[in-house]
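Here the structure comes first, spelled out in structure tokens, and everything after it is commentary.
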Amino acid sequence: MARYLVSGGAGYVGSHVVLALTRRGDQVVVLDNLRQGHRAAIPGTADLVEADLADSPAIAEVFANWRFDGVLHFAALSLVGESMRNPLVYIAENVANTARLAGAAAKSGCLRFVLSSTAALFGYPERTPIDEDARLDPVSPYGESKLMAERALDWADRLHGLRSASLRYFNAAGADPEAGIGEDHEPETHLIPLAIRAALGLAPPLTIFGADYPTPDGTCIRDYVHVTDLADAHLRVLDHLRQGRSCRFNIGGGQGHSVRQVLDAVERVSGRPVPHCFGERRPGDPPVLVAASGRLRRETGWQPRHSDLDAIIRSAWAWHSRNPYGFGDRAGSGSPVLAARPAKVPVPS
Ligand code: UFG
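According to the working numbering, the residues represented by the sequence shown are 1145 to 1493, in order.
So, in structure tokens, the structure goes:
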């Protein structure tokens, strides 16, 4: 039996990975400040350390108290739009936290590290599907922060022997409603939860951001991957790291779907209309983002099993309709992360 430290394990993707690890019998320690995550998303068999990654003594204590076979690092600021308004907060927080956690892991002798990375590294790609050799050219501070985090891990490999896997997610979606976990962000900005919540009458009509893209129906195309498939990829990658080489994988469900097709699927699955209107393009949205996940399949045997669009929507629909208030632990509105910070942020010293 192995033991893993999971930062951000109370968040959306993190909690599904914690569930998968505990289901296969691994021990998990979740490290989360619960600013974005939910206590109720953590299985009872996992330990929770409620601490911030900026708190170096608390992190050192975690590594002193347990021996880990690997670290999975999900905790991050992750909203592209918010990063455009608070660029230096995003870069400072995401890069420094990755460096601190990787440094503490290496110092403790734990030399396997998985980074939750993003398709936002690729900016406006020259071609799709996007493989791992595509040009890295982020067009948001969020994407830049993850690219810098990946590069920090390269140095940790060269100089500390820390073997890492950077997993570039395309569009994580869906839920594990049977296990009682799903997507609950505040604020929610993602297409599938917003479309479902509009159909349930829990959110205003969805605005489709742009219908004049160079795609067959004029709306943006994305590659949705079920969060349970994403979790399975993490487990396989942890095992793959035992081969002693750092790696990078692009992860998507393998098919592109337009915003219009997603709305049609929500209507098909739920039997309800999705109230919507058309708005301007959202700045920074590339027309098409589809992953080439061949490397992950070849090297780890991963296969997406739940990433058919209707299956994704069915699981998300079940989660949102059974849990209209998500985990029910949020009172306010607006970003809980940046609410307390000044809008203009000084350059970090
Ligand atoms: N969209 C709408 N209306 C909405 C919300 C989204 O039309 O109210 C559209 C977007 O314009 C986009 C598509 O739905 O075309 C998907 O948008 P999401 O916000 O759900 O997801 P993104 O593709 O913008 O973001 C995802 C991840 C990010 C990652 C990014 C990489 O959530 O973390 O892919 O490009 F950075």
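Don't be surprised by glycine CBs; every beta carbon is placed ideally from N, CA and C.
Within a 10 Å sphere around the beta-carbon of residue 1341 sit 16 or more other beta-carbons, which makes this residue buried.
In the assembly as shown, residue 1383 is an exposed residue. Its beta-carbon has fewer than 16 other beta-carbons within 10 Å. Taking 7 Å as the cut-off, the beta carbon of residue 1403 is found closer than this to the beta carbon of residue 1363. Among the bridge pairs identified by DSSP, residue 1194 is matched with 1176. Straight across, the Cα-Cα distance linking residue 1369 with residue 1448 is about 8 Å. For residue 1186, the three-state secondary structure derived from DSSP is coil. According to DSSP, residue 1216 shares a beta bridge with 1150, 1258. Using a 10 angstroms sphere on the CB of residue 1468, the tally of other CB atoms stays under 16, which defines it as exposed. Taking C-beta atoms as the reference points, residue 1288 and residue 1394 fail to come closer than 7 Å. Here residue 1204 has 1248 as same chain residues with Cβ atoms under 7 Å from its own Cβ, once five neighbours each way along the sequence are excluded. If you ignore the 5 residues before and after residue 1429, its C-beta comes within less than 8 Å of the C-beta of 1353, 1354, 1364, all in its own chain and listed in chain order. Taking the Cα of residue 1187 as reference, the smallest distance to any Cα among 1173, 1456, 1458, 1378 is reached at 1173. C-alpha of residue 1463 to C-alpha of residue 1398: approximately 24 Å in a straight line. The region 1333 to 1352 and the region 1407 to 1425 touch, with three or more beta-carbon pairs separated by less than 8 Å.
At a threshold of 6 Å, residue 1437 does not count as near the ligand UFG, since its beta carbon sits no closer than that to any of the ligand's heavy atoms. Inter-residue distance for residue 1213 and residue 1165 is about 12 Å (C-alpha atoms, whole angstroms). Note that the C-beta distance between residue 1274 and residue 1435 is below 7 Å.
Contact between residue 1156 and residue 1329 holds: CB atoms are separated by about 7 Å, below the 8 Å threshold. Looking at the DSSP output, residue 1369 sits in a beta bridge with 1316. If you check the CB distance, residue 1308 and residue 1257 come in under 7 Å. From the listed residues 1401, 1466, 1357, the smallest Cα separation to residue 1423 is found for 1357. Under a 10 Å Cβ-count criterion, residue 1194 is classified as exposed, with fewer than 16 other Cβ atoms of the shown protein chains found around its own Cβ.
Counting only the Cα atoms, residue 1374 lies some 10 Å from residue 1315. By the criterion of a C-beta distance shorter than 8 Å, residue 1271 is surrounded in its chain by 1278, once the five residues flanking it on both sides are discounted. The Cβ atoms of residue 1335 and residue 1406 sit closer than 7 Å to each other.
For residue 1400, no alpha helix (DSSP H) encloses it; the enclosing beta strand (DSSP E) starts and ends at 1400 to 1402.
Restricting attention to 1396, 1392, 1346, 1388, the CA atom closest to the CA of residue 1367 is found in 1396. Just so you know, the alpha carbons of residue 1390 and residue 1263 end up roughly 19 Å apart. For residue 1272, the three-state secondary structure derived from DSSP is coil.
For residue 1309, the pairing in a beta bridge is given by DSSP as 1258, 1391. Here residue 1221 is near residue 1234, since their CB atoms are less than 7 Å apart. Burial of residue 1285 is indicated by the presence of at least 16 other C-beta atoms within 10 angstroms of its C-beta.
Taken from the Cβ of residue 1391, every heavy atom of the ligand UFG lies 6 Å or farther away. Residue 1294 is positioned such that its CB atom lies closer than 7 Å to that of residue 1310. For residue 1450, the secondary structure class from DSSP, reduced to helix, strand or coil, is coil. Taking the Cα of residue 1454 as reference, the smallest distance to any Cα among 1297, 1426, 1466, 1318 is reached at 1318.
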